[in-house]
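Residue numbers (this note's numbering): 2 to 174.
A short worksheet on the structure shown next.
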């Protein structure tokens with residue numbers, strides 16, 4: 002299934018590719034699901050090295066989608082938010098609808114911390130379904146992240162939703 006947040010983020014990346022990809026050579030999509038956002042990055046900017054990640058059970062679908070849609074600049078693998086290991090850092094980290102389970106808020110933020118540098122651009126687009134989802138953003142600020150809601154004028158009008166904001170995360174440390 003492709004969630005609305007994936008379409009909104011993919012369209013944002015397309016509309017702002019010169020801005021988003023100007024300094025990026027590596028992209029990580031966390032919680033890829035079908036991989037639509039990461040695949041969109043790879044197709045828009047063939048110079049990028051794109052890594053799609055999710056739980057092991059999702060990798061066959063992701064690999065099928067890579068085989069159908071992408072070139073050799075895309076790979077996939079498991080990143081377990083409870084034990085992310087150290088696959089390196091990335092210039093751009095993206096994720097859509099990865100904020101849904103309170104037990105995963107801290108592991109996701111810790112994973113983003115391990116996989117990023119102070120210069121990494123992190124863009125997450127999540128549908129705000131419940132008040133508890135706001136707890137993720139409060140925890141992020143408590144852990145030292147600066148959060149910025151990307152302005153409406155940067156987004157495609159047909160793919161914009163106040164219920165599905167795109168947030169930029171920046172490390173304060």
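Idealized CB from N, CA, C, for every residue including glycine.
> Can you list the alpha helix (DSSP H) stretches of 4 or more residues lying completely in the stretch 29-106, in chain order?
Replying inline: 37-45, 60-70
> Is any heavy atom in the ligand SAM found nearer than 7 Å to the beta carbon of residue 153?
Replying inline: The ligand SAM is absent from the structure shown, which contains no ligand whatsoever.
>> Counting C-beta neighbours from all protein chains within 10 Å, is the total for residue 39 16 or more, i.e. buried, or is it exposed?
In response: buried
> So, are the CB atoms of residue 116 and residue 82 less than 8 Å apart?
Replying inline: no
> So what's residue 125 in DSSP terms, helix, strand or just coil?
Replying inline: strand
> Alpha carbon to alpha carbon, what distance is there between residue 74 and residue 56?
Replying inline: 21 Å
> When the Cα of residue 27 is compared with those of 37, 12, 93, 143, which residue comes out closest?
Replying inline: 93
> Using the beta-carbon count (16 or more within 10 Å), is residue 85 buried or exposed?
Replying inline: buried
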